[in-house]
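Q:
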Amino acid sequence: MFNACLGFTGARTDKMSIANEYKGRLPKKILDEVASLTQGSSEAKVRKLLEEASREYEQAKVEPGECVGIISAESIGEPGTQMTLNTFHFAGVAEMNITMGLPRIIEILDGRSEISTPMMEIYLKQPYSKGKDLKEVTLAIRQTLLKDIVSEFLINVADFSIEVKLSQERIAEIGANISSIAAAVKQAAKGYNVSAGKDSLVLKKKERDNGINALYTDKEKIKQISIQGVKGITQVLPVKRGDEYVIITAGTNLKEVLSLEFVDDSRTVSNDVAEIAKILGIEAARQAIINEVFKVIESQGLNVDIRHIMLVADTMCNLGVVKGITRYGVVSEKASVLARASFETPIKHILNAALIGEEDKLDSVVENVMINQPTPVGTGLPGLVTKVKR
Amino acid sequence: MAEQEQPTPIEEAAEPASSEVIIPEGSEVPEDVLEESEVPPSTDKSPKVRIDPEEQIAGKSVRSIIFSVFSPKTIKQMSSAKIVTPELYDKEGYPVDGGLMDIRLGVIDPGLKCKTCGSKLKECSGHFGYIELARPIIHIKFVPLIMTLLKCSCQGCGRVLIPKNKVDTAKKELGRIEEELGIEERRRSVKDIITNLKTINKCPWCKSKQSKIALEKPTTFLENEKRISPIEIRARLEKIPDEDLELFGLRPQNFRPEWSILTILPIPPVTMRPSITLESGERSEDDLTHKLGDIVRINQRLFENINAGAPEIIIEDLWDLLQYHVTTYFDNEVAQLPPARHRSGQPLKTLSERIKSKEGRIRHNLAGKRTNFSARTVISPDPMLGINEVGVPFEIAMKLTVPERVNEWNIAYLKNFVKNGPKKYPGANYIVRPDGKKKKLTEETIEASVEELQPGYVVERQLMDGDIAVFNRQPSLHRMSMMCHRIRVLPFKTLRLNPAVCNPYNADFDGDEMNLHIPQTEEARAEAEILMEVQTQLISPRYGLSVIGCVQDSISGLYTLTKRSDIDRKLALDLLAATGIEDFSRLPKREKVSGKEIVSVLLPEDFMFFGEKRSDLGVEGKEKEDITVIIKDGKLLSGVLDRNNLGEGSGLLLRTIHKKYGKEFSLDLLGKLFRLGIEVLLRLGFSVIISDTDLPEKARQEIKETLTQADREVEELISLYHNNKLDTFPGRTLRETLELKILEVLNRARNKTGEIAATHADRDSPTMVMADSGARGNLLNLAQMAACVGQQAMRGKRIDKGYRGRTISAFKREDFSPHARGFISNGFKSGLTPFEFFFGAMTGRDSLMDTALRTPKSGYLYRRLANAMQDLKVEYDHTVRDAGKRIIQFSYGEDGVDVAKSENGVINVQRLFGVHGGQD
């Protein structure tokens, strides 16, 4: 990528080698920026700029002992007081509600497995992204339940059957036909014989053991039979972004959406961190946490450096699974008994520690605060040894 | 054989630890002993600390704390008294021997001496006692553990219900888990093992059948529906061999299961449950003493009944009562038990309640502490103070002191303070003799003290200008909430600060109070000065920009100044002089100078800066060129200075100055710019007036039309809705669609009225100056005053609360028209109708609620974050690790850049390029 940025002729190799010299010393982002700025400049200029940049970079590095954790916590906690509680509408058009603001941040950092407004942004592959077959695409994604296309349910108590009258209009709308619907129902409705009529389905119960009440409970189940689309996706909304169409959905199902052939699986994202962790792994989950938290903070017009969010995400994902910032998650992983006890449920922690004779090595902050000793961070980190005159 | 779980000793131990520790000769206090009950000799790695009592440089520190459970034996050993009577004092009010206030347990009365150690009040930290329980009692906190032990060990032979051949592999596995994943993971796998065992009903060792054990909460265990007595339980637990304990997650060195059934109860020292003497001379005992009194009384009664051979049923009853008292002694919030109460009906605060929650020992006294040498009052602004100064009233300055050690060179200087005494400023309040004795200075002692003073003494002198203080405002949400300031002693009774520094503290002057702390040692002062002083905190670690900028009037002032180009030289000089500039040579020698030239005088001569474009909305003609701030060679060539450049957290102007010229310079420049802005307003005058919001007739007409047009559109939508002709949005009902569409129409109308108001408003009116410069308010506020307040929304919807189908009973049901659903078509100036006012009050209250609900939520989030991440730090190898040395990041933030040293989070290559590469 760096090479691509140096899109000029002439002393190409020279400049590349200069840049290569600095590869270990400067982060790639800075090298790229230097490259794009110095297009057409002389070699000496490039070298000088790189030299200058690496000097500044060295100066801007964190000092050992800096308690970056607290700084990150402050940087996210402090603007938290300025955030609103309200949910926001999506992109001005008021068709979908998304949890934003403080509740969303809390939700992400809690590491919850069920989030309040699951959502996906589905990017499409080439011809489709330009709007080809957009309607078919949205239909293939959006889940249609049997109840969505039904005009009437009739229960025939005499011969233990349920007649489902379908609405032709709605069927046409979702681009399906009776036989495909019948097939879907047949597969899902176990214990029933399904026969398709002109615009209705008749489900006849095979066994009559459980009486009529069973028919009523089954009716509710039958209503929820999925006819087409991806399970869990309740709404779709195609949005034009730049020159391509993106499909925003309510509800997520990464696994199935990603396996659809017209979906661009490299860019499609879900906002459900737990799901991402399950399907794509912990690194993806970490990135998802960063993106989601950053999105909220940005939408509130607040300025928080991405590094702070990264650190939070890294603490949450450090153990290979997403752990929430709660007493059951990250805090329970602490080595120090007193640090855990000072957070929540102190008695439980002290009791358990006593049973196995746990040792608190006093390595972190609170424990040392408790016993009035310098904390091993920042200026408390280095020890001073002097020879005492005898 | 009972045990006290850990917390109790900690409470007491914390006390002596807080005073400076100087080890007396011959003492061999192992590091842990204060906190620890049983220090296994293996872990006692007390270093060979050589202590030279003469030099008094004993540096003693606690290296680790081991948690453990007291065995009944240890309790007896460490006890200094056996408690046998519930009586506290005899007729003379002297503590009874063998009573709960026995002076062998320590003293709380001045004048008495501890019988155990012979020390007086405050010197003796107290000693434990014990009582022998007549019958074993179950420790409430161990009930779950007893349950699993009973269920998972054989009722016949006491072995764990795991087949012989699998025991060793399970142990090995646990060992491996602890080594690899830590103690917490081990705890979890123990739990897994135990859940698997609960279903086994035949012992793999002795083949005996296992009967069902049930727990009747809180403390009764049942076997086949029959109660098992604690004696029986204890017998069973005793049978479990040491080698099996590991599988239950227990360590036999620390804990034997039978210890969880108490036979001996330790009595905490009186010093941790002091009685207080009321004004009437009556004694009021501590809650713990009350509870212990109950226990001792019932215990004695139980003894008597047993000895007298009372019927079993009476003994059982007393036993249960004793169980209740002991249970509530440990925890008075057990779900199934009624809490033990005072006579007044308020529940007793027993051991658990002492420790847990925000007001408990851990969070209240251990993780947070109180401090001396501090002050608190109301704050008020004083722009004449430096940004890093704090104005301290005389009253406070004469109470707070700074210790200064007397030596040959400063003795004369310090004597002056002592001479003045505590009543005359600047004086001294105390002198400390070399042996540590503190002497208060009073009118009578002044003379003797002046004579006495010699090198080695310490004088606690009153605060003076230039002293160092840490200034703080709660809530201390970030590190800029506590900064170090220089003291200026001033008249009047408030603490004063420069309004520019309000931002980091989030302070205003509507009655806010702030705290002041005076560091007392050289180390503390040095750290405060180097790490905490205002100038060191200029750049926020949150986003890498200046947190301190110009505010309010100062922004309006600089904005007006930089816009004007016709300022009399005289006025210009006056302004600069008031700002504190003495060198006017850089001001052009002309009769009329421009505001930009005045500002340029403050800027360093080699300063280069290119700002970002500001919005050019409504800017016309010549002003169009003025939208970018360009500073070249220290001259402000174009651009007006506004919030985007001078405000807190915005723009790179302040950041660039800081980067190039350092913190001292930027603080100084900031102070001068700030003062300049205020001086400008002082001289030119600045005041908002109602006529600022006047609009020409034409504009008013336009606004009116816009609103009626919107009304008409809404009406149309409503009739469409009633005729069922409205196109529904996907996934929405008809009603919701209507709402959304109406909302959109009304919002559009409001925005349009706003635009009309903005275009017709006088751009030079103070109101517009404030909005445009970003000093206060925005165009929306102006539009709301001049044109139309707009739709009042609650939870993102129009108002529909109130009566059934209507908001106020004056409207018809199902009236969806704007005015019935909270649309305020008047502006604040023209005045609201009663309905509109009511709707406005509704949303006002709603947003009040929102704030009230948000504060605790975000506070809790913050607490959790801080707790989870407090021990992350950058190591010497530049990795970020936690206290357990687990690597969290290999390089902080992926590039190792400290945000506080970056420019808005990045290394500004473009600026570097401008300096070193761009000018060819």
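Protein chains in written order, with this note's numbering: chain A, 16 to 405; chain B, 190 to 1109.
Glycine included, each C-beta is placed from N, C-alpha and C at the ideal position.
Remember, predicted model here, so these are calculated numbers, not experimental data.
Round the Cβ separation of Leu386 of chain B and Cys341 of chain B to the nearest angstrom and send it over; I've been treating them as touching at under 8 Å.
A: 4 Å
Q: In whole angstroms, what separates the C-alpha of Lys249 of chain B from that of Phe256 of chain B?
A: 20 Å
Q: Closest Cβ-Cβ distance between Ile340 of chain A and chain B: below 8 Å?
A: For Ile340 of chain A, the nearest beta carbon of chain B is closer than 8 Å to its own beta carbon.
Q: Is Asp475 of chain B a contact residue of the ligand MG, with contact defined as CB to any heavy atom under 7 Å?
A: Of ligands this structure carries none, so the ligand MG is not represented either.
Q: Would Thr460 of chain B pass as a contact of Gly315 of chain B if the rule is Cβ separation under 8 Å?
A: yes
Q: Can the beta-carbon of Ile576 of chain B be found closer than 8 Å to that of Asn687 of chain B?
A: Yes, the pair counts as a contact, with Cβ atoms nearer than the cut-off.
Q: Which class does Gly95 of chain A belong to by DSSP, given the choice of helix, strand or coil?
A: helix
Q: Return the CA-CA distance between Pro94 of chain A and Gly316 of chain A, expressed in angstroms with no decimal places.
A: 10 Å
Q: With a floor of 3 residues, list each beta strand (DSSP E) that falls wholly inside the stretch 200-225 of chain A, ordered by position along the chain.
A: Within the stretch 200-225 of chain A, the complete beta strand (DSSP E) runs of at least 3 residues are 207-211, 215-220.
Q: If you reduce the DSSP assignment to three classes, tell me which class Ile503 of chain B lands in.
A: helix
Q: Excluding sequence positions up to five away, which residues of its chain have a Cβ less than 6 Å from the Cβ of Leu865 of chain B?
A: Thr768
Q: According to DSSP, His706 of chain B sits in a beta bridge with which residue or residues?
A: Note: His706 of chain B sits in a beta bridge opposite B:Ser563, B:Val659.
Q: Note down the Cα distance separating Ser357 of chain A from Leu411 of chain B, rounded to an integer number of angstroms.
A: Each residue's Cα considered, the two are about 36 Å apart.
Q: Assuming Thr264 of chain A and Ile137 of chain A form a contact by the criterion Cβ under 8 Å, report the distance between their Cβ atoms to the nearest whole angstrom.
A: 6 Å
Q: Taking 8 Å as the threshold (beta carbon to beta carbon), is Asp287 of chain A in contact with chain B?
A: By the rule that beta-carbons nearer than 8 Å mark a contact, Asp287 of chain A does not touch chain B.
Q: Excluding the 5 residues preceding and the 5 following Asn268 of chain A in the sequence, name in chain order all residues of the same chain whose CB lies nearer than 7 Å to its CB.
A: Val245, Lys246, Gly247, Ile248
Q: Determine, for Gln344 of chain B, whether the minimum Cβ-Cβ distance to residues of chain A falls below 8 Å.
A: no
Q: List, in chain order, every chain A residue whose beta-carbon is nearer than 7 Å to that of Tyr1065 of chain B.
A: Simply Pro79.
Q: Considering only residues of the same chain and omitting the five flanking positions on each side of Ser182 of chain A, which have a CB-CB separation below 7 Å?
A: Here the set comprises Ile164, Val165, Ser166.
Q: Under a three-way DSSP split, which group does Ala265 of chain A fall into?
A: strand
Q: Counting only Cβ-Cβ distances shorter than 8 Å, please list the residues of the stretch 157-176 of chain A near chain B, keeping chain order.
A: none
Q: Given this structure, state the Cα-to-Cα distance separating Ile362 of chain A from Asn1015 of chain B, to the nearest angstrom.
A: 60 Å
Q: Would you check if the distance between the CB atom of Thr358 of chain B and the CB atom of Phe437 of chain B is smaller than 8 Å?
A: Against a cut-off of 8 Å, the Cβ pair of Phe437 of chain B and Thr358 of chain B comes out as no contact.
Q: Given this structure, state the Cα-to-Cα distance separating Thr274 of chain B from Val384 of chain A, to the nearest angstrom.
A: The straight-line gap from Cα to Cα measures roughly 40 Å.
Q: Could you tell me which residues DSSP pairs with Gln980 of chain B in its beta bridges?
A: Among the bridge pairs identified by DSSP, Gln980 of chain B is matched with B:Phe1012.
Q: Could you check how far apart the C-beta atoms of Leu825 of chain B and Leu792 of chain B are, in whole angstroms? I think they sit under 8 Å.
A: 7 Å
Q: Please state the DSSP three-state secondary structure of Arg775 of chain B.
A: coil
Q: Less than 8 Å between the beta carbons of Ser546 of chain B and Asn521 of chain B, yes or no?
A: no
Q: Examine chain B for any beta-carbon lying closer than 8 Å to the beta-carbon of Asn333 of chain A, and answer yes or no.
A: yes
Q: Can you list, in chain order, the residues of its chain with a C-beta nearer than 7 Å to that of Pro458 of chain B? Leave out the 5 residues immediately preceding and following it.
A: Glu201, Leu294, Gly295, Gly315, His316, Phe317
Q: How big is the Cα-Cα spacing for Ala204 of chain A and Ser241 of chain A?
A: 11 Å
Q: Give the DSSP bridge partners of Ala1057 of chain B, in chain order.
A: In the DSSP output, where bridge partners are listed per residue, Ala1057 of chain B has none listed.
Q: Three-state secondary structure (DSSP) at Phe444 of chain B?
A: coil
Q: Kindly list the residues whose CB is nearer than 8 Å to the CB of Leu404 of chain B, restricted to its own chain and excluding five residues on each side of it in sequence; keep chain order.
A: Val332, Met336, Phe410, Leu411
Q: Would you please verify whether the beta carbon of Leu765 of chain B is less than 8 Å from any beta carbon of chain A?
A: No, Leu765 of chain B lies away from the interface with chain A (no Cβ there is under 8 Å from its Cβ).
Q: With a threshold of 6 Å on Cβ separation, who are the neighbours of Lys406 of chain B within its own chain once the five nearest residues in sequence on each side are excluded?
A: Gln525
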